[in-house]
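Participant: In our numbering, the protein residues as written are 15 to 75. Note that the Cβ used here is the ideal one computed from N, Cα and C, for glycine as well. These numbers come from a predicted model, not from an experiment. I'd like to ask some things about the structure below.
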């Protein structure tokens, strides 16, 4: 799940930078805080974690 969120945020960042570079459209800068916010939420661990590990993956005592 974290990989998908990170890829989506990077795509939004690249889209905003590309749109700004090609058209010099100032509202494209509004995408940057949104993508940065997604990355920060992902780093803080506020998103749901992946599936729990099975007993087979846990170390034995």
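Are residue 23 and residue 52 closer than 8 Å when you measure CB to CB?
Facilitator: Contact check for residue 23 against residue 52 passes: the beta carbons are separated by less than 8 Å.
Participant: Rounded to whole angstroms, what's the CA-CA distance from residue 50 to residue 36? Just pull it up for me.
Facilitator: 21 Å
Participant: Would you mind stating whether residue 28 and residue 46 have Cβ atoms separated by less than 8 Å?
Facilitator: no
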